[in-house]
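K.L.:
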Amino acid sequence: MDIGLPPALVTTLTFVVLVVLAWLLLTRSVLGRGFSVPLRNILRGNETAQYPEKPRPVAPRFHGRHQLNRYADGLEKCIGCELCAWACPADAIYVQGADNTAEARYSPGERYAEDYQINFNRCILCGLCIEACPTRALTMTHDYEFSAPHRRDLVWTKDRLLAPVPPGGDDTPHTDREVRRRGLNYYGGLAVTPPTLHGGRFKPAAPAPAARAGEVVPTGELPAADELPPDPATVGGPTRPEPGRDR
Amino acid sequence: MTEQVTFTIDGQEITVPKGTLIIRAAEELGIIVPRFCDHPLLDPVGACRQCMVEIEGMPKPMMACTTTVMPDKAVKTHLTSELARKGQEGTLEFLLINHPLDCPMCDKGGECPLQDQALAHGSNASRFIDQKRRYDKPVAVSQQILLDRERCVLCARCTRFSEQISGDPFIELFERGALEQVAIYEDEPYESYFSGNVIQICPVGALTSTSYRFRARPFDVVTTPSVCDHCSAGCTLTVQSRRGEIQRQLARTNMAVNEAWNCDKGRFGFPHLTAATRITEPKLRDGDALVTASWTDVLRRIRSAVTAAREAGPGRIAVVTGSRLADEDAYAASKYARAVLGTDDVDHRTRFAPASERDELAGIVGRDTATYADVERAGVIVVAGLDPEEEVPILHLRLRKAWRNHQARIVVVGPHLGTLADLAWRHVVTAPGTEAAVLAQLAGDGPLDGSAGEVAEALREVDAPVVLVGERAGAGSISAAAALAAAGDGGVAYVPRRAGARGAIEAGLAAGLLPGGRRLDDADDRAAIEEHWGALPAERGRDLHAILTDAAAGRIDVLHLIGVDLARDAPSAELARAALAKVGTVIVQDLARTETVAGFADVVLPAAGRQERAGTTTNWEGRRQRFARAIDGPDLVQEDWEILVQIAAILGKDLGFSDLAALRAEVERVGRRATPHPLPTVDEVVPAVGTAADDDGAGVTVVARPLLLDHGTMLTGATDLLATARPATVALSPADAAAHDIAAGDLVEVAGANGSLTLPAVLAPDVLSGTVVVPTNSTDEPAGVLADRDGRLTATLTKVSSDAAEEVA
Ligand code: SF4
Ligand code: SF4
Ligand code: SF4
Ligand code: SF4
Ligand code: FES
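Those protein sequences? They're chains A and B, same order as listed.
Following our numbering, the numbering of the first sequence begins with 16 at its first residue and continues without gaps.
Following our numbering, the numbering of the second sequence begins with 36 at its first residue and continues without gaps.
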């Protein structure tokens with residue numbers, strides 16, 4: 016057959032038609048789209064994760080199991096406020112607050128969590144509790160390997176949730192005397208009301224009006240305007256001695 | 036009809052009586068103006084400046100809570116006025132300037148009006164960058180109440196409450212400006228039975244309670260409506276529990292009864308349900324010890340004891356119920372005694388009442404009694420044998436309200452004024468137990484002199500006086516009081532102390548009395564009850580005094596005590612203890628390990644407390660109120676009526692109901708007598724004065740009056756509450772004190788027939804000389820040890836040491 020076209024052109028046209036047909040087959044037909052996946056992946060490298068031998072790192076903001084953090088000296092950040100429990104859409108958190116006392120101080124301020132439980136049977140790891148926590152006590156770790164053979168074991172209490180005691184710190188409870196001596200500024204100077212530090216039996220209300228006026232506790236100078244506020248999650252420097260506080 | 040005023044709020048027209056506050060009128064339209072200091076039951080003060088509204092023609096915004104309505108003015112709230120909105124926003128910013136905002140550790144967090152209104156009406160940011168004012172916190176205003184001055188918004192609700200409502204020297208605002216603060220008085224100890232209310236009305240977390248401190252958040256708790264079981268006032272309560280444990284109780288608003296208040300006993304008096312002394316299992320006596328047994332064992336033991344007592348002859352079984360029972364229990368107990376045990380030896384009173392009182396009690400039921408509203412309106416209120424603040428505190432608040440609002444003249448009849456000393460207009464002094472004679476004289480036409488004469492005059496002047504008779508008023512007082520009230524077309528009420536007393540009367544829990552104000556000796560009444568209960572005992576039975584006397588003489592084999600601690604509460608402790616020791620089988624059905632249980636009970640049946648069950652209760656007015664189950668009790672406790680149903684069953688009888696609905700239906704069917712029995716006439720029941728045996732001059736008569744917070748069973752475990760109890764003292768007149776060489780503060784031994792109490796002396800000019808007043812149950816041994824076997828209280832006074840205060844110091 017001779018239709019008068021140069022053979023090179025015929026070869027080229029045939030090639031173009033075949034490529035178009037192949038492209039149409041692969042992109043327009045169901046079968047072709049199916050085959051295109053293995054075809055493409057033949058060219059890619061091996062993606063198999065060698066879990067659990069070689070677990071891969073998770074994303075930086077991964078929602079793993081929770082942790083209750085501590086200050087550098089070991090005091091717990093959690094104040095037992097229940098805001099996390101309130102925020103939780105799965106009702107997975109149980110908190111029971113209690114009073115810090117002079118002899119047994121667990122956290123700065125008046126209140127601490129006497130009992131703290133997260134029920135991982137219920138938790139959906141949404142992280143709303145983390146957003147609610149006013150002291151950054153509750154954060155999420157990258158640990159996701161906490162399945163358990165028994166449902167009961169999925170109710171985590173403070174002994175498992177609390178972060179390890181930082182080097183140089185002590186496990187709770189502390190005494191008020193130790194805490195005062197350390198003179199740390201727990202809320203990092205950011206809180207308008209630094210935590211009060213007298214626990215135990217409540218001081219009776221002073222009766223005489225004149226005595227009361229002197230009892231207003233001065234808080235010293237303001238932080239300088241250009242001073243960078245320290246990270247509230249870390250412990251700041253020593254506070255000024257507070258006259259009137261040292262009884 | 037008061038004059039009406041028409042004006043508009045946010046463009047809506049409204050007509051209200053002249054003198055109405057704008058904030059109240061707005062509420063009627065459903066417009067809520069934000070507020071902190073305004074409280075409908077307290078006088079307006081305008082302290083917080085939060086309720087600003089714009090009023091047409093006024094240059095500046097006005098306070099809706101202090102401004103009364105004006106005709107034809109256009110009032111614009113924050114909803115329509117930019118001026119008002121900005122004003123409110125500014126006020127909130129000012130309020131928050133010195134506010135610590137420690138919401139996370141604040142007990143009010145989650146139910147805080149300041150939080151809510153700052154969210155709804157405040158601006159998003161504060162311009163305040165300086166240091167906030169700081170105080171030491173929290174400080175204890177009392178062992179029950181903590182004050183955080185940093186959180187206070189100086190609304191003066193607490194100080195107005197204590198000044199206007201409870202009238203106690205409590206807290207006041209001191210200092211000025213930024214240093215203005217709530218504090219207690221220097222020279223007067225903080226002492227109030229109503230202090231818990233300030234916690235509830237404080238619009239911020241400045242006042243909090245030690246017992247609820249850090250216990251729960253509003254979203255944790257399950258809220259159940261209830262009615263207080265501590266006294267006959269019948270305050271409606273809100274019980275809040277978390278994980279099956281009561282966390283706190285609040286006053287529930289009920290304007291007809293407790294308005295929006297309650298007393299501290301009702302608010303904080305629930306730890307007894309979980310106290311170590313609580314009875315949680317049935318027990319049987321084995322020698323000196325009580326050992327845990329099964330319900331089957333205890334029921335069998337009761338069956339053998341009751342069968343043996345029946346075989347030994349008639350009259351060997353008796354039932355005494357305290358007055359803590361719910362109405363359903365009282366009815367079941369009444370039926371159980373008559374229809375199952377076949378005895379009329381039953382009494383609900385823990386006092387030795389005169390025999391004639393039965394007719395008076397029968398006559399009360401179905402008759403209109405005075406109500407709180409009557410008390411509030413009355414021009415003259417006669418109070419006899421009753422100390423309302425110690426016994427029925429909410430009634431005291433009403434008396435005070437009448438006294439404050441329209442200077443109601445409060446007349447106390449009795450040997451002393453007690454806590455009414457501040458309110459009383461006149462005191463008609465009588466010897467203890469002879470109140471009836473005075474009431475009768477006041478009702479009569481005879482000429483009277485002294486304060487009685489003035490009272491008689493006042494009673495003639497006013498419309499609708501109210502006469503309130505308590506448990507300590509002597510024989511015939513109810514009839515005499517009714518006669519007195521009838522003379523002035525007023526109201527009368529018998530005001531017992533304990534919560535179940537009125538219900539017990541309705542259920543016929545006294546010898547000779549039947550349910551619905553019926554009497555055992557009335558043929559029609561008998562027939563009406565026999566229709567439901569079967570055969571009734573033929574004869575009128577014995578009351579508490581006769582039961583105890585016969586028991587002490589060995590004539591009673593089985594004594595069934597339901598919610599009563601006779602070893603402490605009986606008027607004669609000696610007689611009660613002798614009787615309990617002598618009785619073969621003492622069955623005690625109660626909440627706690629009382630002295631009676633520990634020392635004398637042979638069979639112990641654990642009963643459910645008020646919050647652990649549903650039921651009905653009747654207060655002193657005769658007002659019935661239902662309460663609901665708030666928590667589960669210990670596993671093995673049962674409701675009192677359930678226990679009686681089971682005892683009946685094991686004795687081969689059917690009480691006729693096995694659930695609360697059937698029981699209530701039966702109470703409904705039995706109903707009340709169509710026309711109440713007439714009250715006995717004064718001549719029949721009021722003994723002539725002066726018949727009492729003359730005393731030999733050496734001794735004094737003792738009046739035992741209960742204090743609100745004492746060693747009662749239902750207060751065990753409430754440590755913080757009991758720390759605010761008033762001290763036990765012996766009150767005597769200055770004349771007696773001089774005669775015995777006693778000065779205030781001296782320790783005095785009050786030696787009675789069977790024991791003595793040693794108490795610090797208080798000189799009280801209002802106490803009749805020859806009489807001393809001691810608390811019933813505030814000492815290690817109850818005042819009942821002073822009594823002889825007839826419950827007569829006479830004693831000799833001896834000074835033990837002078838000036839106890841000095842010794843302590
Ligand atoms: S991560 Fe979500 S579901 Fe889990 S405890 Fe926190 S709030 Fe609750
Ligand atoms: S973890 Fe945070 S939010 Fe939860 S109770 Fe503790 S402080 Fe409050
Ligand atoms: S009073 Fe209200 S606003 Fe103030 S700290 Fe408490 S909860 Fe927060
Ligand atoms: S303590 Fe509470 S009720 Fe009293 S003035 Fe302050 S804010 Fe008001
Ligand atoms: S509510 Fe009106 S001034 Fe406080």
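Think of the CB as a built atom: it goes at the ideal place given N, C-alpha and C, for glycine as much as any other residue.
Going by the C-beta, is CYS141/B closer than 7 Å to any heavy atom of ligand 2?
P.N.:
Residue numbering aside, residue 141/B sits at position 106 when the second sequence is read from its first letter. Checking the Cβ of CYS141/B against ligand 2 gives no.
K.L.:
Using a Cβ-Cβ distance cut-off of 8 Å, determine whether ARG659/B contacts chain A.
P.N.:
Taking the first residue of the second sequence as position 1, residue 659/B is located at position 624. In terms of beta-carbon proximity, ARG659/B stays away from the interface with chain A, with every pair separated by 8 Å or more.
K.L.:
Under 9 Å Cβ-Cβ, which residues of chain B neighbour LEU90/A?
P.N.:
As a first step, residue 90/A is located in the first sequence; it is residue number 75 there, counting from the start. What LEU90/A touches in chain B: nothing, since even the nearest Cβ is about 15 Å away.
K.L.:
Considering only DSSP beta bridges, list what ASN159/B is partnered with.
P.N.:
Taking the second sequence and counting its residues from 1, one reaches residue 159/B at position 124. Answer is none; ASN159/B lacks a bridge partner.
K.L.:
What are the residues in the segment 93-111 of chain A lying within 9 Å of chain B by C-beta distance?
P.N.:
Sequence-ordered contacts of the segment 93-111 of chain A with chain B read ILE94, GLY95, CYS96, GLU97, LEU98, ALA100, TRP101, TYR109, VAL110 and GLN111 [C-beta pairs closer than 9 Å].
K.L.:
Quick one: residues in its chain with C-beta nearer than 7 Å to the C-beta of ALA251/B, no 5 flanking neighbours on either side, listed in chain order?
P.N.:
Stepping through the second sequence from its first residue, residue 251/B is reached at position 216. Hits under 7 Å: ARG277 and GLN282.
K.L.:
Which residues mark the beginning and the end of the beta strand (DSSP E) in which THR356/B is found?
P.N.:
For the purposes of this step, residue 356/B is taken as the residue at position 321 of the second sequence. Residues 352-356.
K.L.:
Confirm, please, whether the CB-CB distance from PRO260/B to GLY145/B is below 8 Å.
P.N.:
The sequence position of residue 145/B within the second sequence is 110, counting from 1. The sequence position of residue 260/B within the second sequence is 225, counting from 1. No, they are not a contact pair.
K.L.:
So with CB distances below 8 Å, who are the chain A contacts of MET93/B?
P.N.:
Reading the second sequence from its first residue, position 58 is the one you call residue 93/B. Chain A residues near MET93/B: none, gap ~36 Å exceeds 8 Å.
K.L.:
Any beta-carbon of chain A closer than 8 Å to the one on PRO148/B?
P.N.:
Along the second sequence, read from residue 1 onward, the residue named residue 148/B stands at position 113. No, PRO148/B does not count as interfacial toward chain A.
K.L.:
Look up LYS121/B in the DSSP assignment and say whether it is helix, strand or coil.
P.N.:
Residue numbering aside, residue 121/B sits at position 86 when the second sequence is read from its first letter. Here LYS121/B sits in helix by DSSP.
K.L.:
When burial is assigned at 16 or more other CB atoms within 10 Å of the CB, is PHE30/A buried or exposed?
P.N.:
In the first sequence, the residue the question calls residue 30/A occupies position 15. Flag for PHE30/A reads exposed.
K.L.:
At the 8 Å Cβ level, is GLY124/A part of the contact set with chain B, yes or no?
P.N.:
Your numbering for residue 124/A matches position 109 in the first sequence. Yes, its Cβ sits closer than 8 Å to a Cβ of chain B.
K.L.:
Verify the CB distance criterion: does ASP114/A have a CB-CB separation below 8 Å to chain B?
P.N.:
Looking up residue 114/A in the first sequence gives position 99. Yes - at least one Cβ of chain B is within 8 Å of the one on ASP114/A.
K.L.:
Please list, in chain order, all residues of the same chain as GLY787/B whose beta carbon is under 6 Å from its beta carbon, the five residues on each side excluded.
P.N.:
As a first step, residue 787/B must be located in the second sequence, where it is residue number 752. Here the set comprises LEU821 and ALA830.
K.L.:
What residues of chain A sit near PHE196/B, judged by a beta carbon separation below 9 Å?
P.N.:
Here residue 196/B is taken as the residue at index 161 of the second sequence, counted from 1. Neighbours of PHE196/B on chain A: none; closest Cβ ~17 Å, over 9 Å.
K.L.:
Is the closest heavy atom of ligand 4 to the C-beta of CYS100/B under 7 Å?
P.N.:
Taking the first residue of the second sequence as 1, we reach residue 100/B at position 65. No, the beta carbon of CYS100/B sits no closer than 7 Å to any heavy atom of ligand 4.
K.L.:
According to DSSP, TYR529/B sits in a beta bridge with which residue or residues?
P.N.:
By one-based count along the second sequence, residue 529/B stands at place 494. DSSP, once it has assigned bridges, lists VAL504/B as partnering TYR529/B.
K.L.:
Compute every distance between the C-beta of ALA515/B and the non-hydrogen atoms of ligand 5, then say whether any falls below 7 Å.
P.N.:
Sequence index remark: in the second sequence, residue 515/B carries index 480 (1-based). Result no, Cβ not under 7 Å from ligand 5.
K.L.:
Residues of chain B with CB closer than 7 Å to the CB of PRO149/A, please, in chain order.
P.N.:
On the first sequence, residue 149/A is found 134 positions in, with the first residue counted as 1. By Cβ distance, chain B contributes PRO139.
K.L.:
For ALA338/B and ILE622/B, which I take to be in contact (beta-carbon distance under 8 Å), what is that distance rounded to the nearest angstrom?
P.N.:
For this step, residue 338/B is matched to residue 303 along the second sequence. For this step, residue 622/B is matched to residue 587 along the second sequence. What sits at residue 338/B in the sequence shown is Arg, not Ala. Wrong, their Cβ atoms sit about 11 Å apart, outside the cutoff.
K.L.:
What do you get for TYR109/A, buried or exposed, if any count of 16 or more other CB atoms within 10 angstroms of its CB means buried?
P.N.:
Residue numbering aside, residue 109/A sits at position 94 when the first sequence is read from its first letter. TYR109/A comes out buried.
K.L.:
With TYR131/A as the anchor, note down where its beta strand (DSSP E) starts and where it stops.
P.N.:
Within the first sequence, numbered from 1, the residue matching residue 131/A stands at position 116. Its beta strand (DSSP E) spans residues 126-134.
K.L.:
Please find out if some non-hydrogen atom of ligand 2 comes closer than 7 Å to the beta-carbon of GLU298/A.
P.N.:
Outside the shown range of chain A, which is 16 to 262, sits residue 298/A, and nothing can be said about it.
K.L.:
Quick one: list the residues of chain A neighbouring PHE71/B, beta-carbon separation under 9 Å, in chain order.
P.N.:
Position 36 of the second sequence, counting from 1, holds the residue named residue 71/B. Residues of chain A passing the Cβ test: none, with the nearest at roughly 20 Å.
K.L.:
Does any heavy atom of ligand 2 sit closer than 7 Å to the C-beta of CYS138/B?
P.N.:
Here residue 138/B refers to the residue found at position 103 of the second sequence. Checking every heavy atom of ligand 2 against the Cβ of CYS138/B, none is found closer than 7 Å.
K.L.:
So within the segment 220-259 of chain B, which uninterrupted alpha helix (DSSP H) runs reach at least 4 residues, ignoring any that extend past its ends?
P.N.:
231-236
K.L.:
Grab the span of the alpha helix (DSSP H) containing GLN179/B for me, first residue to last.
P.N.:
Reading the second sequence from its first residue, position 144 is the one you call residue 179/B. Element bounds for GLN179/B: n/a, residue is neither H nor E.
K.L.:
According to the neighbour-count rule (16 or more other Cβ atoms, all chains shown, within 10 Å of its Cβ), is MET87/B buried or exposed?
P.N.:
The count along the second sequence starts at 1 and reaches residue 87/B at position 52. Counting Cβ neighbours within 10 Å, MET87/B comes out buried, since at least 16 surround it.
K.L.:
Please state the DSSP three-state secondary structure of THR55/B.
P.N.:
As a first step, residue 55/B must be located in the second sequence, where it is residue number 20. The answer is coil: DSSP assigns THR55/B none of H, G, I, E or B.
K.L.:
Which residue marks the beginning of the alpha helix (DSSP H) containing THR584/B, and which one marks its end?
P.N.:
Stepping through the second sequence from its first residue, residue 584/B is reached at position 549. Element bounds for THR584/B: 579-587.
K.L.:
Would you call the segment 539-548 of chain B in contact with the segment 518-528 of chain B, where contact means no fewer than 3 C-beta pairs closer than 8 Å?
P.N.:
no
K.L.:
By the criterion of Cβ-Cβ separation under 7 Å, what are the contact partners of ARG248/B in chain A?
P.N.:
One-based indexing of the second sequence puts residue 248/B at position 213. Per Cβ cutoff of 7 Å: ASP114.
K.L.:
Bridge partners for ARG277/B per DSSP, in chain order?
P.N.:
Indexing the second sequence from 1 puts residue 277/B at position 242. ARG277/B is bridged by DSSP to GLU280/B.
K.L.:
Under 6 Å Cβ to Cβ from SER514/B, same chain only, skipping five residues before and after it: list those, please.
P.N.:
Along the second sequence, read from residue 1 onward, the residue named residue 514/B stands at position 479. Correct list, in chain order: GLU395, LEU714, PRO715, VAL717 and VAL720.
K.L.:
Of the choices ALA499/B, VAL355/B, GLU609/B and PRO741/B, whose alpha-carbon is the least far from that of VAL809/B?
P.N.:
The residue labelled residue 809/B in the question sits at position 774 within the second sequence. Among ALA499/B, VAL355/B, GLU609/B and PRO741/B, the Cα nearest to that of VAL809/B is on PRO741/B.
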